[in-house]
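A short write-up of the structure that comes next.
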Amino acid sequence: KAGVTQTPRYLIKTRGQQVTLSCSPISGHRSVSWYQQTPGQGLQFLFEYFSETQRNKGNFPGRFSGRQFSNSRSEMNVSTLELGDSALYLCASSFGTSGGQETQYFGPGTRLLVL
Amino acid sequence: GNSVTQMEGPVTLSEEAFLTINCTYTATGYPSLFWYVQYPGEGLQLLLKATKADDKGSNKGFEATYRKETTSFHLEKGSVQVSDSAVYFCALSDPNTDKLIFGTGTRLQVFP
C-alpha cells in the first residue's frame, strides 16, 4: 500500500510570492491534516480537511489556506510569503472517522525556503 | 489547553544502553497518546500508540505505558542501537478532533 506522498519535496521562493504544496493521502483515507515544522516553534497544526471540507483549523494567519478534492488529495497554499514561512510542511492522512484515536500517517514533507 | 512536555535533548548513549525519554501531558478528556520518530531528512513515522489508560504500546523494542494517574507516557527501550539515532516526538490527539499536539522533540544520539 502506497504511503502519503507530497510534492514537491523542496522549494525555494522569494518574499511576496505564493506557493502551492500538494499531498496525496493513503488510499481510502479521507482526512488530510497539515503541519508546519520549524526549529523555533516545533510542530504546529495548520488545518484538517475531511470529505472536501475544512473540519479543524489551527492558529495561523489567513495567508495559509487549503483545499481538498473529491479524490481526497489536498493542497495548501501560502500567499505573500514571509521569511518566517521557511519550514518543513508535513501532511498526514487518516480515515478520519474515529475521532482522536486514529493514527495519522505522515508524508516525507515539503521543505520550503523563503529568501 | 492541551499540551505535551518532553525532556530536553540531546540524549547521548552508548550502544546497548537503556533508554528513557520522559513525556507528560495536560489534557481534558481522554486523549490518545503517540510516539513518533523522525530520521534526518524524513517525515514522521509512528513508533507506537496507546488509546486508553494502562495501555502499553510497543514496537521494535520500544515501549510506553499510558499512565493517567501521573499523566505520563514515557518511552523506554532496553538496549539501543546506533540505528535508533533520531528525533523522538511525543504527541496527544485531541479527543474530539484529529488534531495532534506535539512535544518539542528529543534528539537521541547513540554511539558504538
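Protein chains in written order, with the working numbering: chain S, -4 to 110; chain E, 47 to 158. Backbone N, C-alpha and C fix where the C-beta goes; we use that ideal spot for every residue, glycine too.
(message) Could you give the first and the last residue of the continuous beta strand (DSSP E) run that contains G103(E)?
(response) K102 to N105
(message) Tell me the rounded alpha-carbon separation between T150(E) and S46(S).
(response) 31 Å
(request) Using alpha carbons as the reference points, say which of A63(E), W81(E) and T72(E) lies closest to E109(E). (result) W81(E)
(message) Could you check whether V50(E) and L154(E) sit closer than 7 Å to each other, using their CB atoms as the reference points?
(response) no
(message) Run through chain S and tell me which residues come within less than 7 Å of G151(E), C-beta to C-beta.
(response) G37
(request) Closer than 7 Å, Cβ to Cβ, to anything on chain E: give me those residues from the stretch 81 to 92 of chain S, in chain order. (result) L85, S89 and G91
(request) Would you list, in chain order, the members of the stretch 72 to 84 of chain E that have their beta-carbon closer than 7 Å to a beta-carbon of chain S? (result) P77 and S78
(message) Three or more C-beta pairs under 8 Å: does that hold for the stretch 59 to 78 of chain E against the stretch 72 to 90 of chain S?
(response) no
(message) Please tell me whether F42(S) and G57(S) are closer than 7 Å, where the distance is taken between their beta carbons.
(response) no
(request) Could you check what DSSP says for S131(E) in three-state terms: helix, strand or coil? (result) coil
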